[in-house]
């Protein structure tokens, strides 16, 4: 597996979006996304000393903005995000093989670390890896 510093999504050879990943000594520090050449999403993370994501300041132009706190299951999988009042804003139900059964995301929050294994991303200790 390789650690990701940038991910570019293209459709028909035309770049749709670009993601940049910035890491510190304990894991992920920040992610930015640009669509159409304009940066429209910034996620600033706080992690514990082992790199586990504790919270994120999520700022999307024309979308959701606020502090998000991570929810983990008993196996250490990130299964949800709650806002500062404790309300769920994103959640995923996993089967025993860690495949997504259903997802809840009414705010349209786009966070590669919250659960994108289907697309080949794996978050390990606050670092994002491509596994395809």
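Residue numbers (our numbering): 585 to 716.
Where a beta carbon is used, it is the ideal one built from N, C-alpha and C, also for glycine.
C-alpha gap between residue i and residue j, whole angstroms
i: residue 655; j: residue 641; result: 15 Å
i: residue 680; j: residue 663; result: 13 Å
i: residue 591; j: residue 602; result: 6 Å
i: residue 667; j: residue 648; result: 11 Å
i: residue 618; j: residue 600; result: 9 Å
Exposure label - residue i; buried when at least 16 CB within 10 Å
i: residue 611; result: buried
i: residue 695; result: buried
i: residue 669; result: exposed
i: residue 685; result: exposed
i: residue 587; result: exposed
i: residue 786; result: Nothing in the structure corresponds to residue 786, since the chain is present only between 585 and 716.
i: residue 598; result: exposed
i: residue 627; result: buried
i: residue 645; result: exposed
Distance between beta carbons of residue j and residue i, contact taken as under 8 Å
i: residue 604; j: residue 622; result: At roughly 14 Å, the Cβ-Cβ gap does not stay under 8 Å, so residue 604 and residue 622 are not in contact.
i: residue 673; j: residue 691; result: 5 Å
i: residue 652; j: residue 638; result: Rounded, the Cβ-Cβ distance is 10 Å, inconsistent with contact.
Cross-strand partners of residue i (DSSP beta bridge)
i: residue 608; result: 611
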